[in-house]
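Reading the sequence shown from the start, the letters are residues 0 to 351 in numbering that gives the first Met the number 0.
Worksheet: one structure, shown below.
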Amino acid sequence: MVHQNRLLRAAVLLLPVVTLIVLLGACMTPNGGNAPPASGDGYLFCFWNMENFFDDKDDGRRGPDKEYDEWFAQDKKALEEKLDHLSSALMKMNDGKGPDIIAGAELESERSAELLMEALNAKITDPQQQYKHILFKEIKGGRHIATVIITRLDVDKDRTQLLGKYQQRILEGHLKANGHELVIIASHWTSMVSDEKGDKRDKYADVIYGRFRAMHTSNPQVDFLVCGDFNDSPDDESVTKHLHAIGDKSKVKSGGSEPYLFHLFADKKYSDGTTGSENYRGKWSTFDQIAVSPDMLGGGSWTCETETARIVNDLTADHKGHPHRFGNEKDRGERGWSDHFPVTVRLKVADK
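What follows is the structure, encoded as structure tokens:
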């Protein structure tokens with residue numbers, strides 16, 4: 000009996016220690032996540048402009064946002080159709096698992112992202128493959144069409160921020176896999192309608208490049224990925240001179256005080272109108288783009304498999320092969336997905 004009492008007292012004394020160990024173990028992973036291991040093909044990254052994707056709440060938006068704010072809040076069927084279209088297309092990627100990292104544009108709110116993540120997870124049976132994290136910051140001015148990152152990887156959520164004093168749609172997120180950090184900039188630059196000369200797009204590029212250069216100066220091995228709807232072509236000066244994103248790998252790898260990013264869609268065909276991620280009145284444009292830091296071209300913690308970069312034009316196209324837009328409340332006929340095609344690339348990460 001005495002022996003049993005001693006064992007009981009020892010167990011009681013050890014309980015707080017065991018609890019502390021469990022809590023510390025959970026804290027070792029950012030935001031308590033359990034990221035799935037990468038497959039032999041690594042992780043699939045996707046950027047997609049999701050075309051006026053508003054949530055289920057009427058927030059009293061004004062201007063161009065008003066019709067979408069009211070429509071999706073009042074028409075449950077339309078919202079469910081939008082969610083099903085977006086999530087179904089995404090889940091057809093990556094061998095039926097969906098992209099491991101999704102960067103999106105034109106989402107009204109974090110609620111929009113939550114609805115999409117719920118729709119995606121409803122189509123996933125493996126708990127380890129569920130999406131767990133949303134990185135989002137509410138924009139304060141202009142249209143309420145923000146950028147977001149949704150992922151099943153670990154994140155450092157507290158470091159999520161918007162860049163620039165007036166650049167409302169430049170989201171910086173920090174992800175981790177195998178202990179290696181990946182910085183992602185998801186952006187949506189000013190359109191040609193409101194910025195005909197391109198001055199505002201130049202400023203978007205300047206802000207992003209300034210952030211990259213500062214991080215690269217501090218750590219030349221920084222793994223830094225920029226994506227977004229730039230509303231300019233890959234060969235426009237906003238991209239090549241202001242963002243410093245080019246297609247010359249040797250020049251990118253050379254580094255220097257003015258480091259370059261490697262542009263995955265720098266090939267001439269993505270700028271000459273023969274193909275693209277968006278088609279307006281019969282004219283192709285590659286506004287949706289991805290660029291990566293020098294360290295991601297091989298030998299670093301994260302590697303971008305540049306040859307896998309593609310415009311995904313076979314999942315959401317209409318009968319002409321153009322992006323099939325979802326449209327607005329007044330449109331009739333079959334609804335599509337978005338007026339932009341997604342762009343994807345595979346990323347690999349080193350072991351711990």
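Even glycine gets a Cβ: it sits at the ideal position worked out from N, Cα and C.
Bear in mind the structure is a predicted one, so any value in this text is a computation, not a measurement.
Residue nearest to residue i in terms of C-alpha spacing, selected from the options
i, options, result
"leucine 263", "Gln220, Ser253, Ser300, Ile310", "Ile310"
"serine 249", "Asp294, Glu113, Phe44, Cys45", "Asp294"
"leucine 224", "Asn93, Ala118, Ile148", "Ile148"
"phenylalanine 340", "Phe211, Ala102, Asp157", "Ala102"
"cysteine 226", "Gly95, Lys96, Ser186", "Ser186"
"isoleucine 133", "Asp153, Lys139, Asp40, Leu314", "Asp153"
"lysine 268", "His321, Pro233, Thr146, Gly178", "Pro233"
"phenylalanine 229", "Leu43, Met92, Trp47, Pro36", "Trp47"
"leucine 314", "Lys122, Lys96, His84", "His84"
"alanine 118", "Glu105, Ser237, Gly97", "Gly97"
"glutamate 328", "Thr274, Met191, Glu80, Gly39", "Glu80"
"isoleucine 289", "Asp155, Ile245, Glu277, Val206", "Ile245"
"arginine 367", "Val206, His179, Lys156, Gly178", "Residue 367 is absent from the structure shown; the chain starts at 0 and stops at 351."
"serine 193", "Pro63, Lys56, Asp222", "Pro63"
"glycine 209", "Ile184, Leu89, Asp287", "Ile184"
"alanine 56", "Lys319, Asp74, Met191", "At residue 56 the sequence reads lysine, which differs from the alanine that was named. Measuring from the Cα of lysine 56, the nearest candidate turns out to be Asp74."
"glycine 95", "Asn120, Lys164, Phe71", "Asn120"
"tryptophan 265", "Gly281, Asp247, Ser256", "Sequence check: residue 265 is alanine here, not tryptophan. For alanine 265, the nearest C-alpha among the options comes from Asp247."
"arginine 280", "Lys319, Thr305, Ser256, Ala72", "Lys319"
"aspartate 330", "Pro35, Arg60, Ala77", "Ala77"
"proline 35", "Lys122, Arg61, Lys131, Arg60", "Lys131"
"serine 256", "Asn218, Met191, Lys164", "Asn218"
"glycine 326", "Arg60, Phe71, Arg61, Cys45", "Phe71"
"serine 190", "Arg61, Thr305, Asp287", "Asp287"
8 Å Cβ cutoff met for residue i and residue j
i, j, result
"histidine 243", "aspartate 201", "no"
"leucine 162", "glutamate 171", "yes"
"glycine 335", "aspartate 317", "yes"
"tryptophan 283", "leucine 346", "no"
"proline 258", "histidine 215", "yes"
"aspartate 231", "glycine 197", "yes"
"asparagine 93", "leucine 174", "no"
"valine 344", "alanine 308", "yes"
"serine 86", "leucine 106", "no"
"asparagine 177", "aspartate 58", "no"
"valine 348", "alanine 37", "yes"
"aspartate 99", "threonine 150", "yes"
"aspartate 235", "glutamate 277", "no"
"lysine 136", "glutamine 160", "yes"
"glycine 299", "glutamine 220", "yes"
"alanine 213", "valine 238", "no"
Cut-off 6 Å between Cβ atoms - residues of its own chain near residue i, not counting five sequence neighbours on either side
i, result
"asparagine 312", "Phe340"
"glycine 332", "none"
"valine 291", "Leu224, Phe261, Cys303"
"isoleucine 20", "Bear in mind that the predicted position of isoleucine 20 carries a pLDDT of just 36, short of 50, making it too unreliable to give a figure here."
"arginine 158", "His173"
"isoleucine 144", "Glu105"
"glycine 110", "At residue 110 the sequence reads arginine, which differs from the glycine that was named. Around arginine 110: Asp54."
"alanine 88", "Leu314, Thr315, Trp336"
"threonine 188", "According to the sequence as given, residue 188 is tryptophan; it is not threonine. Cβ neighbours of tryptophan 188 beyond the five flanking positions: Arg200, Tyr203, Phe229, Asn230."
"serine 270", "Ser232, Pro233, Asp234"
"serine 108", "Asp54"
Residues near residue i by beta carbon distance below 8 Å, same chain, minus five either side
i, result
"glutamine 3", "Reliability fails at glutamine 3, whose pLDDT of 44 lies under 50, so the model's placement of it is uncertain and no value is given."
"leucine 23", "With a pLDDT of 37 at leucine 23, under the threshold of 50, the modelled position of that residue is not reliable, and no figure is offered here."
"glutamate 195", "none"
"cysteine 45", "Leu89, Met92, Pro98, Ile100, Ile101, Ala102, Val311, Pro341, Val342, Thr343"
The ligand PLP heavy atom lying under 7 Å from the CB of residue i
i, result
"glutamate 180", "Looking for the ligand PLP in the displayed structure turns up nothing, as the structure carries no ligands at all."
Own chain, CB closer than 7 Å to residue i, minus 5 neighbours either side, in chain order
i, result
"lysine 91", "Leu314"
"histidine 321", "Asn278"
"alanine 112", "Leu106, Ile133, Phe135, Val147, Ile149"
"aspartate 40", "Arg345"
"leucine 82", "Leu114, Leu115, Ala118"
"glycine 272", "Lys282, Trp283"
"methionine 27", "With a pLDDT of only 41 at methionine 27, under 50, the local geometry of the prediction cannot be trusted, and no value is derived from it."
"lysine 122", "Ser86, Met90"
Original post:
For the region 46–56 against the region 66–74, are there 3 or more C-beta pairs whose distance is under 8 Å?
Top reply: yes
Original post:
For the 8 Å Cβ check, are there 3 or more pairs between the region 112–126 and the region 137–144?
Top reply: no
Original post:
Hey, which unbroken runs of the alpha helix (DSSP H) at 4 residues or more fall wholly within the region 287–335?
Top reply: none
Original post:
In chain order, which continuous runs of the alpha helix (DSSP H) of length 4 or greater are located wholly inside the region 178–219?
Top reply: 198–217
Original post:
Which runs of the beta strand (DSSP E), 3 residues or longer, sit entirely within the region 72–158?
Top reply: 100–106, 132–134, 145–150
Original post:
Along the chain, which unbroken stretches of the alpha helix (DSSP H) at least 4 residues long are found entirely within the region 241–272?
Top reply: 248–252
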